[in-house]
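Q: First the structure, then my questions, so here it is.
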Amino acid sequence: MTTRAEQGQGAKQPHSYEEFTRRPFYIGINRETIRLVKKPVKYAVDIATGTGAMITQMLEQGLLIRDFQVRGYDIDESALKAAKSAFRNFDGQMLFINAPAENIPLKNGWAQLVTFANAIHLTDAPAATRESARIMDYGATLLINTAYETTHAYPEKSAHSWGILTALARKAARENHGLNDIPNPVPLRQYSVDDYVNMLVSAGLSDIEVYFHTAQMDKEDVKAICRYDEFARIALPDVELDLAKDLLVGAVEPMLERRKSDTIPRGWTIFKARKLPKAT
Ligand SMILES: C[S@@+](CC[C@H](N)C(=O)[O-])C[C@H]1O[C@@H](n2cnc3c(N)ncnc32)[C@H](O)[C@@H]1O
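For any residue, its number in our numbering is found by taking its place in the sequence shown, counting from 1, and adding 11.
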C-alpha cells in the first residue's frame, strides 16, 4: 500500500507557467500569431519553448504536415521536462533541448517555421533575432510575440495599475515581513516596434508585418502570471519565491479594485518576418 506522502512524491508537479498557458486570453494570442502562417510546414522550431504552448497551437491549427519534425529550445530544464512529458506521444518527431535563444545547436537553414513567443524580451534580442534568421531556410517564416514592446505594452494608461500591483506587493512585504530593501523590478521593456523591425532587417529578414492585440486580463489571468516563477522573480527580486508569488497574488484584487474594473489591458505586439527565397 502506498502512503499519501509517497503518492504525493510521485505525483506530477505542474510547471509554474502551465496555469498561464491554459488561460483562454493567452491561447487566443498564440492562436492569432500562428494563424499568420498559411501553409503547413515539415520543419519547425520553437525558441524559448517553455512548456511548449506554441507547439500545441501548431498541432491544433494544422500547421505541421504528417511527418513533421519539431525542435523546442529553452534554458529552463524543468519547463523542458514538462514539454517532453506533454508531447511524449510524438517521440521521434519532437526534441526538447536545453539551449539559449542566442546559440541554438541547429544547422543553418533547417527550419521552415520559427516561433518565439512571449520570451524575446528575456533574451539578448538582437543576438536571438540573428540566430533565428540563421536557422531559417530560404522562404521560411519567423513569428515573434511579446507583451513588452515599449509603447504598446500598457494600453489605456494601464502602466500605472501594473505599477500598483508590484507596489502593493512590496508594501505588504515591508509591513508584514520586514522586507525593506527589495531591489527594483528588472526592466523588460527595452525595444520599440522600430527597434525590433531594425533587428529583423539587420538579421537579413524581410516582408515584415506587425500586428497589435490588446488583451483584457481578468483577475484569474493576472493571478496566473503572478504564480509564474520567472514573473515573481523579476517583479520582486531576491524575495523567497513562494512568498513573492503570494504577495503578488494578494495584490491582484486590491489593484483591480483601485482601477474600478474587473480587468486590466495588456498590449501584445506580433511580428511576422520572412527569409526571402534564394534568388535563382
Ligand atoms: C514566459 S515563458 C514563454 C514560454 C513559451 N514560449 C510560451 O509562449 O508558452 C519565457 C520562456 O523563455 C525562456 N528563456 C528566457 N531566457 C531565455 C534564453 N536566453 N534562451 C532561451 N530561453 C529563454 C524561459 O526559460 C521561459 O521558458
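For glycine and all other residues, C-beta sits at the position ideal for the given N, C-alpha and C.
What you are looking at is a predicted structure, and each value in this text was computed from that prediction instead of being measured.
Can you tell me whether residue 33 is buried or exposed, with buried defined as 16 or more other CB within 10 angstroms of its CB?
A: Along the sequence shown, one-based indexing puts residue 33 at 22. Residue 33 comes out exposed.
Q: Is the Cβ-Cβ distance between residue 107 and residue 58 less than 8 Å?
A: Sequence index remark: in the sequence shown, residue 107 carries index 96 (1-based). Sequence index remark: in the sequence shown, residue 58 carries index 47 (1-based). No.
Q: Using CA coordinates, which residue listed in 39, 263, 24 is at the minimum distance from residue 225?
A: Sequence index remark: in the sequence shown, residue 225 carries index 214 (1-based). Minimum Cα distance to residue 225 is reached at 39.
Q: Taking three-plus beta-carbon pairs below 8 Å as touching, is the region 202–212 in contact with the region 134–146?
A: Contact between the region 202–212 and the region 134–146 is present, because at least three Cβ pairs lie under 8 Å.
Q: Which residues in the same chain have their Cβ closer than 7 Å to the Cβ of residue 290, if we skip the five residues on either side of it in sequence?
A: The residue given as residue 290 occupies position 279 in the sequence shown. There are no such residues.
Q: In terms of residue numbering, what span does the alpha helix (DSSP H) encompassing residue 173 cover?
A: Taking the sequence shown and counting its residues from 1, one reaches residue 173 at position 162. That run of the alpha helix (DSSP H) goes 170–188.
Q: Under 8 Å by Cβ, that's how I've got residue 146 and residue 52 pegged, so tell me the actual separation to the nearest angstrom.
A: Working through the sequence shown from its first residue, we reach residue 146 at position 135. Working through the sequence shown from its first residue, we reach residue 52 at position 41. Not really, about 13 Å apart at Cβ, beyond 8 Å.
Q: Name, in chain order, the residues that DSSP records as bridge partners for residue 224.
A: Position 213 of the sequence shown, counting from 1, holds the residue named residue 224. Residue 224 is bridged to 279.
Q: Return the chain-ordered list of same chain residues with a C-beta closer than 6 Å to the C-beta of residue 236, the five sequence neighbours on each side being excluded.
A: To locate residue 236, count along the sequence shown from 1; it is residue 225. Counting only Cβ-Cβ distances below 6 Å, and skipping sequence neighbours, we find 31, 242.
Q: Is it the case that the CB of residue 90 approaches a heavy atom of ligand 1 more closely than 7 Å?
A: For the purposes of this step, residue 90 is identified with residue 79 of the sequence shown, where counting begins at 1. True, at least one ligand heavy atom lies under 7 Å from that Cβ.
Q: Rounded to whole angstroms, what is the Cα-Cα separation between residue 265 and residue 181?
A: As a position in the sequence shown, residue 265 is number 254, starting the count at 1. As a position in the sequence shown, residue 181 is number 170, starting the count at 1. Between residue 265 and residue 181, the C-alpha separation is close to 13 Å.
Q: Figure out for me which residue from 130, 252, 62, 216 has the closest Cα to the Cα of residue 288.
A: The residue you call residue 288 lines up with position 277 of the sequence shown. For residue 288, the closest C-alpha among the options 130, 252, 62, 216 is that of 216.
Q: Could you give the DSSP three-state label for residue 130: helix, strand or coil?
A: Counting from 1 along the sequence shown, the entry for residue 130 is found at position 119. Residue state, collapsed to three classes: coil.
Q: Could you name the residues that DSSP lists as bridge partners for residue 239?
A: As a working mapping, residue 239 is identified with position 228 in the sequence shown. In the DSSP output, where bridge partners are listed per residue, residue 239 has none listed.
Q: Can you check DSSP and say which residues form a bridge with residue 84?
A: Here residue 84 refers to the residue found at position 73 of the sequence shown. According to DSSP, residue 84 bridges with 58, 108.
Q: Taking DSSP's pairing of strands, which residues face residue 52 in a bridge?
A: The residue labelled residue 52 in the question sits at position 41 within the sequence shown. Residue 52 pairs with 75.
Q: Please say whether residue 160 and residue 280 have beta carbons closer to each other than 8 Å?
A: Looking up residue 280 in the sequence shown gives position 269. Looking up residue 160 in the sequence shown gives position 149. For residue 280 and residue 160, yes; Cβs fall inside 8 Å.
Q: By DSSP, does residue 90 sit in helix, in strand, or in coil?
A: Taking the first residue of the sequence shown as 1, we reach residue 90 at position 79. Of the three classes helix, strand and coil, the one that applies to residue 90 here is helix, per DSSP.
Q: Report buried or exposed for residue 195, applying the criterion of at least 16 other Cβ atoms within 10 angstroms of its Cβ.
A: Here residue 195 is taken as the residue at index 184 of the sequence shown, counted from 1. Per the 10 Å Cβ criterion, exposed.
Q: Sorted by chain position, which residues of the same chain lie with C-beta nearer than 7 Å to residue 18's C-beta, five sequence neighbours on each side aside?
A: Within the sequence shown, the letter at position 7 stands for residue 18. The predicted position of residue 18 is uncertain, since its pLDDT is 32 and thus under 50; a value taken from the coordinates is nonetheless stated next. Here the set comprises nothing.
Q: Tell me, which residues are paired with residue 125 by DSSP?
A: Translated into positions along the sequence shown, residue 125 becomes position 114. As DSSP reads the structure, residue 125 sits in a beta bridge with 56, 153.
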